[in-house]
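Residues in the sequence shown are numbered from 20 upward in steps of one, following the working numbering. Here a beta-carbon is modelled for each residue, glycine too, at the ideal position from N, C-alpha and C. As structure tokens, the structure follows; a few thoughts come after it.
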Amino acid sequence: MTADLHCLLDEATIGDRVASLAATIDRDYAATDLMVLVGVLKGSFIFLADLARRLTVPHRVDFIAVSSYGDRESEDASGAVRLLMDVRHDLGGADVLIVEDIIDTGHTVTYLRELLLARHPASLKVCTLLHKPARTEADVPIDYLGFTIPDVWVVGYGLDFAERYRTLPYIAELPPDQR
Ligand code: PRP
């Protein structure tokens, strides 16, 4: 049931942006000894897969999973974030790039930065496909940004609503009457 969803970012637009982000990251990390992409599950899995395959700089791929109290965009979200699954690599001395699908309030990435900085990486940066500044409460440094989006619920390209729509190849707006 996706025919009536309003497409916000189509496949070609996303693909072009991912390629351009990868080119920038390739340049910035050309001298790295050890780069680790840390994908934040679950939403980032498709973006991470596309971004990683575009990179030519050597890198490892790892994953981390967190959960926030209250779902993305729920009114009662407290901002508290809990670690569900840790990375497998030792990040000490590595150039770490957190790869997110979306930054909403910023609580998740704020938590992750603190957590991963304590592992003493050589560097730590943030790459997110989407940013919704209207909802961002924390002061989040975003080093690589795909698109700034308005305050609407988005699904597809990894993003879900109640676990649906993650594998849509494009990003669509889910209207309030379909939530
Ligand atoms: C989404 C997204 C980010 C987080 C951003 O995850 O993948 O990790 O919310 O929100 P914030 O900036 O308000 O902290 P979600 O909780 O929907 O889980 P999922 O990725 O498993 O779908």
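Endpoints, alpha helix (DSSP H) assigned at residue i
{"i": "Glu30", "result": "Glu30 to Asp47"}
{"i": "His126", "result": "His126 to Leu136"}
Three-state class that DSSP yields for residue i in the structure shown
{"i": "Tyr184", "result": "coil"}
{"i": "Ile83", "result": "strand"}
{"i": "Ala157", "result": "coil"}
{"i": "Ile65", "result": "helix"}
{"i": "Asp105", "result": "coil"}
{"i": "Leu27", "result": "strand"}
{"i": "Asp196", "result": "helix"}
{"i": "Leu110", "result": "coil"}
{"i": "Leu178", "result": "strand"}
{"i": "Leu74", "result": "coil"}
{"i": "Val100", "result": "strand"}
{"i": "Val171", "result": "coil"}
{"i": "Asp123", "result": "coil"}
Terminal residues of the beta strand (DSSP E) in which residue i lies
{"i": "Leu60", "result": "Met54 to Leu60"}
{"i": "Ile190", "result": "Ile190 to Glu192"}
{"i": "Leu149", "result": "Ser142 to His150"}
{"i": "Gly165", "result": "Tyr163 to Thr167"}
Closer than 7 Å: residue i CB and nearest ligand 1 heavy atom
{"i": "Val128", "result": "yes"}
{"i": "Glu119", "result": "yes"}
{"i": "Asp179", "result": "yes"}
{"i": "Ser39", "result": "no"}
{"i": "Ile122", "result": "yes"}
{"i": "Leu56", "result": "no"}
{"i": "Gly125", "result": "yes"}
{"i": "Val59", "result": "yes"}
is_contact[residue i, chain D] using C-beta, thresh 8 Å
{"i": "Ala49", "result": "Judged by its chain identifiers, the structure shown contains no chain D, having just a single protein chain."}
Anticipated Cβ contact below 8 Å, residue i with residue j, distance rounded
{"i": "Leu148", "j": "Leu135", "result": "The pair is not a contact, with the Cβ atoms about 19 Å apart (cut-off 8 Å)."}
{"i": "Gly111", "j": "His139", "result": "5 Å"}
{"i": "Leu40", "j": "Leu60", "result": "Going by Cβ atoms, the distance from Leu40 to Leu60 rounds to 20 Å, so no, they are not a contact pair."}
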